[in-house]
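Engineer: Protein sequences appear in the order of chains A and B. Take the first sequence: its position 195, counted from the start at 1, is 195 in this note's numbering, and no numbers get skipped. Take the second sequence: its position 41, counted from the start at 1, is 1041 in this note's numbering, and no numbers get skipped. Structure below; questions to follow.
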Amino acid sequence: MTITLDGTTGITTPTTSTTGEFVTSVTSFKNRIINGAMVFDQRNVGASVTISSDNTKTLDRWNSRCESSLFNSYSVQQSSTATTGFVNSLLVTSLSTASIGATAFASQEQRIEGLNMTDFGWGSASAVPITVSFWVRSSLTGTFGGYIQNSAQNRAYVFTYTISAANTWEQKSITIAGDTTGTWLTTNGIGLRVGWNLGTGTTFSGTAGSWGSTNYYSATGSINLLATNGATFYITGVQLEKGSTATSFDYRSIGAELVMCQRYYETTSYPSASQGLDTTQLSIIWNANFSSGQKYLVAKRAAPTVTLYGRTNVAGAPSRTDTGAAITGTSTASSVNSIGFLSVSLGQTLTAYSTFALEVGYTAASEL
Amino acid sequence: MYKLLKNIEGDVKSVLRIADSACVPFDPANIDYQQYLAWLAEGNTPLPAE
C-alpha cells in the first residue's frame, strides 16, 4: 500500500485493497449518516412497525415522516436482505393502495445533528457540495424522489434517482451543491434532513435539482411507493459525505457505530426487545421515596426522555430485588440531564427504614 | 396528558407523559419537551405535582 503526502492534496491512500492490507479512511467520520448500514434496531430488534404517527423512530437514527392521511399505509422493518458487503437493510412495505392527496407526505429520513456538519459552511458563500450515495432495491421501477431540508423546513433541495430493474440492488449517488443561503444549524439541533420519498402530493413536490425556499419532500411526477399495495423498498449502505464524488462506504467498527447511535437512544434491554432481569441495580435510601441514580452508557445529545422498567417490562414499574415485586404506582427518573439521572422517584410510599435494591431498566431517548 | 414532577429537591424540572410513563425533562433541545410546550400552547394544563 502506498501513502502519499504532498503540499497540494495532503495525505492520499488507496480506497480499496487487493492485497489484504488494512485500509481505512484518511479522515474520520467521512460518512455523516449514522447506522447507514442498518445494523442497529435497538427499539424493535427486527420487528415490523406499522407507521401510525408522524416522526416514528424505527431503526436507530431513522425517522418515518407520515402525514395523517397515510397513517397505517406502510410498515418499516430491519431486514436481512442486503447487497454484497452488507448484512442488513431498511425495508418499507406498502400495506394498501393509498390515495396520495395534495397535502400528503410520507418518507424515510435521517436528521443529521448540526454539530456533525459544522464544516459544511451551508448558509454562507463557502458552502461545500455533498454527495449522497446508497444501495436501493424495489419491486417498482422508474424515477424516485428524495430531499434535503434544513431544520426549519424553509430550505429544500429535491433530487431524483432511477431504479431500472425490479427487485435488484442498484447503487445510486447524487451530488448536491451546498446551499449558500438559508439558516443551517451547527448546534445540537437538526443540521439537515435527508430523506427518501414514499408518497407525496403536489403541495410538497417540486422541480428537482435546485435549492428553494420550500419544504418539498419529492420531485413532481416521481413514483409514490405507497400507491401500490404490497410494493417494497429496501435501502442500505447510505452515505452522506463532503465533496462531489461518492467514495466507498465508510465501514466503522461495530462498537463505534453503536456508541454513535446511543448518543440519541439507548436501552438497557438491547439486544432484547423487552426489559427483564438484565437491569441496573439501584439502592433505596431508607425512609425516602427516592433511590440512587444512574449514568447512561453514552452521554446524550440533550437531556433525554427517560422511561423506567423492571422485570415485568411495564413502563414506570421497576422491581424490588429482594421480592421481585413491581413497585406500585408510576416510578420516574428524577433530575434528568444529558449524562444520567440523579435518582428514581418511586411510585409508592415506603415505610420507614426500608432498605432494598431496585432493579431498573430504562430507555433514554434524545432523538432529533 | 401530562403531570408535573418534583425532583428530590422539590423543584419541578420535568413532566410525566402519562400515556407511556415517560419522564420528559425541561430541556429546550428535547423533542418531547417541544411537544409538551406545543400542548401547553393549545391551552392545556398539566396535572399538579404531588
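For each residue, glycine too, the CB sits at the ideal point set by N, CA and C.
Enumerate in chain order the residues of its own chain whose CB-to-CB distance from N215 (chain A) is below 7 Å, with the five nearest sequence positions on each side excluded.
Structural biologist: Taking the first sequence and counting its residues from 1, the one referred to as residue 215 (chain A) is at position 215. These residues qualify, in order along the chain: Q149, Q153, N154, A156 and F204.
Engineer: Please compile the residues from chain A whose C-beta is within a distance smaller than 8 Å of the C-beta of L1005 (chain B).
Structural biologist: Within the second sequence, residue 1005 (chain B) is the residue found at index 5, counting from 1. Those are T332, S334 and S345, listed as they occur along chain A.
Engineer: Which chain B residues are close to A315 (chain A), counting only those with a beta carbon under 9 Å from its beta carbon?
Structural biologist: To locate residue 315 (chain A), count along the first sequence from 1; it is residue 315. The answer, in chain order, is D1020, S1021 and A1022.
Engineer: With 8 Å as the threshold, decide whether the Cβ of P318 (chain A) is near any Cβ in chain B.
Structural biologist: If you number the first sequence from 1, residue 318 (chain A) lands on position 318. No, because no Cβ of chain B sits closer than 8 Å to the Cβ of P318 (chain A).
Engineer: Does the count of Cβ pairs from the region 100-107 of chain A and the region 58-72 of chain A closer than 8 Å reach three?
Structural biologist: Enough Cβ pairs lie closer than 8 Å, so yes.
Engineer: Determine the extent of the beta strand (DSSP E) in which G195 (chain A) is found, giving its start and end residues.
Structural biologist: The count along the first sequence starts at 1 and reaches residue 195 (chain A) at position 195. Looking at the DSSP string, the run of the beta strand (DSSP E) that includes G195 (chain A) is I190 to T200.
Engineer: For the beta strand (DSSP E) containing V92 (chain A), list its first residue and its last residue.
Structural biologist: Taking the first sequence and counting its residues from 1, one reaches residue 92 (chain A) at position 92. Where V92 (chain A) is concerned, the enclosing beta strand (DSSP E) stretches over S89 to S94.
Engineer: At 4 residues or longer, and completely inside the region 233-295 of chain A: list those alpha helix (DSSP H) runs for me, N to C.
Structural biologist: Listed in chain order, they are 254-262.
Engineer: Have a look at A:V49, A:G142 and A:V76 and flag the residue whose alpha-carbon is nearest the alpha-carbon of I235 (chain A).
Structural biologist: Along the first sequence, read from residue 1 onward, the residue named residue 235 (chain A) stands at position 235. The shortest Cα separation from I235 (chain A) among A:V49, A:G142 and A:V76 belongs to A:V76.
Engineer: Using a Cβ-Cβ cut-off of less than 9 Å, list which residues of the region 122-146 of chain A approach chain B; keep chain order.
Structural biologist: Cβ contacts with chain B: none found.
Engineer: Touching or not, the region 27-36 of chain A and the region 247-256 of chain A, by the rule of three or more beta carbon pairs under 8 Å?
Structural biologist: Enough Cβ pairs lie closer than 8 Å, so yes.
Engineer: For the putative contact between G340 (chain A) and S269 (chain A), defined by C-beta atoms under 8 Å, what is the C-beta separation to the nearest angstrom?
Structural biologist: Reading the first sequence from its first residue, position 340 is the one you call residue 340 (chain A). Reading the first sequence from its first residue, position 269 is the one you call residue 269 (chain A). No, G340 (chain A) and S269 (chain A) are not in contact; Cβ-Cβ is about 18 Å, not under 8 Å.
Engineer: Within the continuous beta strand (DSSP E) that includes L225 (chain A), where are the two ends?
Structural biologist: Along the first sequence, read from residue 1 onward, the residue named residue 225 (chain A) stands at position 225. Note, L225 (chain A): premise wrong, no beta strand (DSSP E); not H, not E.
Engineer: With 7 Å as the C-beta to C-beta threshold (strictly closer), list the residues of the region 193-222 of chain A near chain B in chain order.
Structural biologist: Listed by position along the chain: nothing, the set is empty.
Engineer: Answer with yes or no whether the minimum CB distance from A1040 (chain B) to chain A is below 8 Å.
Structural biologist: For the purposes of this step, residue 1040 (chain B) is identified with residue 40 of the second sequence, where counting begins at 1. The displayed chain sequence assigns Leu, not Ala, to residue 1040 (chain B). No, because no Cβ of chain A sits closer than 8 Å to the Cβ of L1040 (chain B).
Engineer: Are the C-beta of L1016 (chain B) and some C-beta of chain A separated by less than 8 Å?
Structural biologist: As a working mapping, residue 1016 (chain B) is identified with position 16 in the second sequence. Interface residue, yes.
Engineer: Give every residue of the same chain whose Cβ lies closer than 7 Å to the Cβ of K1013 (chain B), excluding the five residues on either side of it in the sequence, and list them in chain order.
Structural biologist: By 1-based counting over the second sequence, the position of residue 1013 (chain B) is 13. Within the same chain, K1013 (chain B) has close Cβ partners N1007, P1025 and F1026.
Engineer: Kindly say whether N188 (chain A), judged by its beta-carbon, lies nearer than 8 Å to any beta-carbon of chain B.
Structural biologist: On the first sequence, position 188 is the one that residue 188 (chain A) refers to. It does; some Cβ of chain B falls within 8 Å.
Engineer: Would you list the residues sitting across from A326 (chain A) in a DSSP beta bridge?
Structural biologist: By 1-based counting over the first sequence, the position of residue 326 (chain A) is 326. Answer is A:S319.
Engineer: Nearest to M117 (chain A) by alpha carbon, out of A:A127, A:Q108 and A:R65?
Structural biologist: Indexing the first sequence from 1 puts residue 117 (chain A) at position 117. Answer by Cα proximity: A:A127.
Engineer: Closer than 8 Å, Cβ to Cβ, to anything on chain B: give me those residues from the region 291-307 of chain A, in chain order.
Structural biologist: So the close ones are R301, A302, A303, P304, T305, V306 and T307.
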